[in-house]
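First comes the structure, then the notes that go with it.
2 protein chains.
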Amino acid sequence: MALSKSPYRGPRDFFPKEMRLRNYIFQKMAQVSETFAYEPYDGPLLEEVELYLAKSGEELITDQIYSFIDRGDRKVAIRPEMTPTVARMVAQIHREVAKPLRWYAIPNLMRYEKPQKGRLREFWQYNADIFGAAEYGEVEIIQLAVSIMKSFGATQDHFEILLNDRRLVDFVFVKLISLESEANKKLYKLVDRKNKMDPAKFSAEVRLITTEERQAQIFEEYVSITTVKELEGFVKKHLNLAEKIDFLLDEPASAHHEAISLSIKPLFDLFKRLEHLGLSSFVKFDPSIVRGLDYYTGVVFEIFDKHPENRRAIAGGGAYANLLQIFNELPLGGVGFGMGEVPLKDFLEAHKLMPDFTKPDFDVLVAYTHLSSEPSGFQIADALRSLGLKTEVIFGESKPKKVYGQTEKKNYHTVILLNENEVQVKHLKSQVSTSYQLNEAFKIAHEVKGQL
Amino acid sequence: MALSKSPYRGPRDFFPKEMRLRNYIFQKMAQVSETFAYEPYDGPLLEEVELYLAKSGEELITDQIYSFIDRGDRKVAIRPEMTPTVARMVAQIHREVAKPLRWYAIPNLMRYEKPQKGRLREFWQYNADIFGAAEYGEVEIIQLAVSIMKSFGATQDHFEILLNDRRLVDFVFVKLISLESEANKKLYKLVDRKNKMDPAKFSAEVRLITTEERQAQIFEEYVSITTVKELEGFVKKHLNLAEKIDFLLDEPASAHHEAISLSIKPLFDLFKRLEHLGLSSFVKFDPSIVRGLDYYTGVVFEIFDKHPENRRAIAGGGAYANLLQIFNELPLGGVGFGMGEVPLKDFLEAHKLMPDFTKPDFDVLVAYTHLSSEPSGFQIADALRSLGLKTEVIFGESKPKKVYGQTEKKNYHTVILLNENEVQVKHLKSQVSTSYQLNEAFKIAHEVKGQL
Chain A
115 MALSKSPYRG PRDFFPKEMR LRNYIFQKMA QVSETFAYEP YDGPLLEEVE LYLAKSGEEL
175 ITDQIYSFID RGDRKVAIRP EMTPTVARMV AQIHREVAKP LRWYAIPNLM RYEKPQKGRL
235 REFWQYNADI FGAAEYGEVE IIQLAVSIMK SFGATQDHFE ILLNDRRLVD FVFVKLISLE
295 SEANKKLYKL VDRKNKMDPA KFSAEVRLIT TEERQAQIFE EYVSITTVKE LEGFVKKHLN
355 LAEKIDFLLD EPASAHHEAI SLSIKPLFDL FKRLEHLGLS SFVKFDPSIV RGLDYYTGVV
415 FEIFDKHPEN RRAIAGGGAY ANLLQIFNEL PLGGVGFGMG EVPLKDFLEA HKLMPDFTKP
475 DFDVLVAYTH LSSEPSGFQI ADALRSLGLK TEVIFGESKP KKVYGQTEKK NYHTVILLNE
535 NEVQVKHLKS QVSTSYQLNE AFKIAHEVKG QL
Chain B
115 MALSKSPYRG PRDFFPKEMR LRNYIFQKMA QVSETFAYEP YDGPLLEEVE LYLAKSGEEL
175 ITDQIYSFID RGDRKVAIRP EMTPTVARMV AQIHREVAKP LRWYAIPNLM RYEKPQKGRL
235 REFWQYNADI FGAAEYGEVE IIQLAVSIMK SFGATQDHFE ILLNDRRLVD FVFVKLISLE
295 SEANKKLYKL VDRKNKMDPA KFSAEVRLIT TEERQAQIFE EYVSITTVKE LEGFVKKHLN
355 LAEKIDFLLD EPASAHHEAI SLSIKPLFDL FKRLEHLGLS SFVKFDPSIV RGLDYYTGVV
415 FEIFDKHPEN RRAIAGGGAY ANLLQIFNEL PLGGVGFGMG EVPLKDFLEA HKLMPDFTKP
475 DFDVLVAYTH LSSEPSGFQI ADALRSLGLK TEVIFGESKP KKVYGQTEKK NYHTVILLNE
535 NEVQVKHLKS QVSTSYQLNE AFKIAHEVKG QL
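For the protein sequence lines, the chains are A and B, in the order given. In this text, residue positions in the first sequence follow the numbering used here: the first is 115, and each later residue adds one. In this text, residue positions in the second sequence follow the numbering used here: the first is 115, and each later residue adds one.
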């Protein structure tokens with residue numbers, strides 16, 4: 115029986131046109147990261163399962179991980195996310211290096227999920243993290259995220275960054291609603307699903323978790339907030355502190371004030387800084403953003419597609435305080451985000467921001483009509499390549515008509531055709547031809563390069 | 115108990131300095147490949163084990179593969195090599211596309227080997243293949259291999275390409291020595307190990323495989339050949355055809371001649387073509403090069419390090435006629451080669467050809483002495499980044515002395531320091547400083563870029 119020509123279920127084959135697209139995306143991500151002085155890193159494809167057990171969300175481990183026992187009897191997994199790896203690596207070196215550390219990577223990851231729009235089992239995910247930058251980390255990471263999106267031609271018409279803060283969420287759930295830890299967790303999960311649910315069903319589910327109607331009402335009031343201004347009003351009202359609190363006070367007057375200051379002020383400060391950077395039009399407070407993973411402790415955010423038919427998250431991230439704890443290291447705060455190539459590609463296509471990668475961008479096509487000119491043809495190709503020009507040679511004797519017939523399949527700039535006695539160099543756009551001697555490889559190469 | 119900070123045994127952590135080195139290597143490989151009009155592709159990280167069983171060498175499957183049963187009960191493996199994948203992909207599309215197909219990839223692969231110099235369990239391997247180019251494929255692939263090596267600054271003093279041809283080997287083993295298929299296989303393995311063996315032991319082992327002394331002698335004579343000229347003499351002598359054969363005849367006069375022509379002539383032709391391309395100083399006939407993998411059917415070669423303390427293969431490849439057969443497709447000949455980043459890195463380091471990647475190549479460091487100038491500092495950084503300059507911002511108020519103290523850790527080109535009233539732009543090499551207004555971000559960015 116013949117073998118299947120299809121790829122294994124889940125991963126993809128990247129034929130050249132898909133690969134050019136992937137390279138385009140990765141190169142933009144890398145370029146923008148480097149302009150922010152982020153340094154590249156990578157980790158192992160496999161990690162011991164223990165590492166993920168300590169830090170990843172439960173669903174990831176029990177349902178989605180590709181794990182197995184290796185020949186050395188170790189339980190390992192193909193990486194389903196990059197954060198545990200980067201934490202492990204930073205734990206190795208953070209004592210010796212200057213802070214902040216700015217790192218980015220574009221690893222391939224695998225998760226056993228039902229393949230669907232925006233989700234595939236093997237995918238690449240851009241990851242950027244800044245460690246040890248205190249409150250500035252959040253601003254810079256969001257700035258970086260916006261810059262990456264802009265590098266693809268996206269504007270505030272195409273996407274928005276939805277922001278929240280875990281400290282604020284905990285303040286509302288624990289202090290204002292007074293929920294127990296179990297109910298708190300359930301409410302977290304419910305918030306996460308809010309935008310995919312029918313409002314009546316949502317209301318009903320809230321009341322299955324809360325014990326008093328008052329709690330349900332505060333919660334519903336919270337999730338309907340749409341601006342920072344409204345958030346301010348909401349908090350003031352429920353604390354019955356109306357006129358007494360100024361959230362922008364730098365020195366809170368009481369312990370009560372201090373709690374508020376620690377849990378709410380950072381988000382207000384962040385919005386202020388983003389305003390100074392001219393990024394207000396990109397960001398929006400959203401009470402339903404909580405991020406599923408356990409390790410976030412501060413600001414959390416998602417980049418959301420504004421396209422009415424593609425209302426989905428393209429990327430997500432947040433701040434974490436204790437990633438190094440599992441390695442018995444001192445706390446080192448960080449902020450990071452991840453952006454998958456699959457949702458990004460869908461986003462760029464939905465908004466018609468994706469260039470056409472169907473044809474390769476070659477520069478020159480070299481062919482010869484007589485075998486006797488083959489060595490000269492090869493020399494010319496060699497000279498062109500040494501100048502960095504993408505040069506394709508047609509092997510064996512060619513008919514001129516066939517050579518020109520081929521120029522439409524790939525985006526050549528110039529065709530070089532050798533006959534027995536001379537070299538015809540044709541610039542395709544201008545349709546201007548120039549003749550050269552067979553032995554003028556160097557001259558030809560420089561003149562062709564000059565026309566690029 | 116705290117988790118281990120070390121990576122899983124086998125794979126590596128790539129901290130920024132190792133990652134910069136890896137990126138340097140991959141970028142050169144990709145750039146040179148594109149100048150030869152090779153197109154990028156990639157395949158899945160996992161393939162069904164069946165695919166490797168059909169085409170890879172036995173050792174790879176039984177001893178070295180990372181395989182497991184997935185959640186869908188399929189037996190899969192992390193790719194240990196790329197050739198089966200590329201064959202599978204080409205089988206999908208070769209009927210519809212123009213030939214030749216030129217493809218390259220730089221996948222991560224895994225093999226469960228004992229980690230040692232030049233070998234690691236997780237590694238990246240450059241792969242280039244040309245399909246459907248008849249005899250020209252071999253020349254171009256070797257030319258490409260030489261160009262990649264040269265792009266790293268390597269010359270014929272550093273490396274050589276050792277060449278042989280499976281058709282020639284079969285001609286010698288089967289026609290001249292008259293070996294049975296089992297003995298033939300054993301001789302193949304022995305040849306492969308020749309350079310690592312004591313000559314007396316080698317002689318003894320030859321005689322364990324052959325049945326007549328005459329056979330052993332022809333074999334030993336064969337493996338001692340060092341040039342194409344000697345090879346020609348060897349074949350002529352054993353065929354007792356001395357003056358009668360001209361290997362360069364295009365039309366052989368008899369069936370005997372035809373057999374010789376098919377099995378030996380291609381290698382002579384290849385050496386001729388390589389001479390025309392000026393590559394003679396890079397290539398050398400070597401009877402011990404046979405390549406372990408089953409799929410090679412024509413020319414085989416290895417790029418060998420000439421460094422006396424690092425006499426090892428950096429890359430290897432060859433021609434294959436029947437890769438698509440396992441998919442029930444018509445034969446489509448191809449030539450390809452693979453080059454691992456680990457042996458290449460060792461090679462470049464042994465010859466001191468590796469640039470220093472210890473420090474990141476950042477362009478500009480921006481800092482401010484007073485918080486009031488922070489917005490201006492951020493604007494300047496923004497303007498620099500929009501021009502593609504790698505710009506690091508020091509957050510919070512800085513002391514000038516500390517800022518300049520930091521410039522030695524990274525290769526900055528310019529330091530920009532804002533105080534309350536103005537901006538000092540210092541070009542580090544010339545030590546020239548220029549003053550600007552706080553609101554001249556755009557002007558500053560353009561002038562700094564102009565000095566690069």
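Ideal Cβ positions, reconstructed from N, Cα and C, are used throughout, including at glycine.
- What valine 342 of chain A touches in chain B, judged by beta-carbon distance under 7 Å, is nothing: the nearest beta carbon there is about 20 Å away.
- By alpha-carbon distance to leucine 444 of chain B, the top candidate from B/Asp127, B/Tyr152, B/Ser118 and B/Ala205 is B/Ala205.
- The three-state reading of DSSP puts phenylalanine 129 of chain B in coil, since its state is none of H, G, I, E or B.
- Beta-bridge annotation (DSSP): lysine 540 of chain A is paired with A/Val529 and A/Ser547.
- Secondary structure at aspartate 460 of chain A: helix, using DSSP grouped into helix, strand and coil.
- Neighbours of valine 190 of chain A across chain B, judged by C-beta separation under 8 Å: Tyr122.
- Residue-level contact check: glutamine 545 of chain A does not touch chain B, since none of the beta carbons of chain B fall below 8 Å from its beta carbon.
- Taking the beta carbon of threonine 269 of chain B as reference, no residue of chain A falls within 9 Å; the closest one sits roughly 15 Å away.
- When rounded, the separation of the alpha-carbon atoms in valine 305 of chain B and serine 317 of chain B is 11 Å.
- A contact between stretches requires three or more CB pairs, one per stretch, nearer than 8 Å, and the stretch 223-234 of chain A meets this requirement with the stretch 189-197 of chain A.
- Less than 8 Å divides the Cβ of tryptophan 217 of chain B from the Cβ of glutamate 153 of chain B.
- According to the DSSP assignment, glycine 452 of chain A belongs to the beta strand (DSSP E) that extends over 448-454.
- Residues of the stretch 300-321 of chain B with a C-beta less than 7 Å from any C-beta of chain A: none at all.
- Bridge partners of glutamine 230 of chain B according to DSSP: B/Arg233.
- A distance below 8 Å separates the beta carbons of aspartate 400 of chain B and leucine 276 of chain B.
- DSSP, read as helix, strand or coil, puts tyrosine 155 of chain A in coil.
- Sequence-ordered contacts of the stretch 219-234 of chain A with chain B read Asn222, Met224 and Tyr226 [C-beta pairs closer than 7 Å].
- Close to chain A, meaning a Cβ-Cβ distance shorter than 7 Å, are the following residues of the stretch 153-166 of chain B: Glu153, Pro154, Tyr155, Asp156, Gly157, Pro158, Leu159, Leu160, Glu161, Glu162, Glu164 and Leu165.
- Between the alpha carbons of leucine 388 of chain A and leucine 117 of chain B lies a distance of about 37 Å.
- Contact check between the stretch 138-150 of chain A and the stretch 254-264 of chain A: three or more CB pairs, one atom from each, fall below 8 Å, which counts as touching.
- Counting the other CB atoms within 10 Å of its CB gives lysine 379 of chain A a total of 16 or more, which places it among the buried residues.
- The three-state secondary structure of aspartate 400 of chain A, taken from DSSP, is coil.
- With contacts defined by Cβ atoms closer than 8 Å, glycine 447 of chain B and alanine 433 of chain B form a contacting pair.
- Between aspartate 279 of chain B and valine 413 of chain B, the CB-CB gap stays under 8 Å.
- The alpha-carbon of threonine 548 of chain A is positioned some 44 Å away from that of alanine 464 of chain A.
- Against chain B, the CB of threonine 483 of chain A has no partner CB under 8 Å away; the residue lies outside that interface.
- The Cβ atoms of phenylalanine 415 of chain B and isoleucine 403 of chain B lie closer than 8 Å to each other.
- In terms of Cα proximity to alanine 242 of chain B, the closest of A/Thr483, A/Pro130 and A/Gln545 is A/Pro130.
- Inter-segment contact for the stretch 228-237 of chain B and the stretch 466-478 of chain B is absent: fewer than three beta-carbon pairs are separated by less than 8 Å.
- What glycine 564 of chain A touches in chain B, judged by beta-carbon distance under 9 Å, is nothing: the nearest beta carbon there is about 17 Å away.
- Using a Cβ-Cβ cut-off of 8 Å, glutamate 236 of chain A counts as an interface residue toward chain B, since at least one Cβ of chain B sits closer than that to its own.
- Residue pairing by DSSP places tyrosine 434 of chain B opposite B/Gly448 in a beta bridge.
- Pairing leucine 293 of chain B with leucine 301 of chain B gives a Cβ-Cβ distance under 8 Å.
- Unbroken beta strand (DSSP E) stretches of 3 residues or longer found wholly inside the stretch 151-214 of chain B: 160-162, 180-183 and 189-192, given in chain order.
- Closer than 8 Å to the CB of glutamine 141 of chain B there is not a single CB belonging to chain A.
- The C-alpha of glutamate 296 of chain B lies about 27 Å from the C-alpha of asparagine 442 of chain B.
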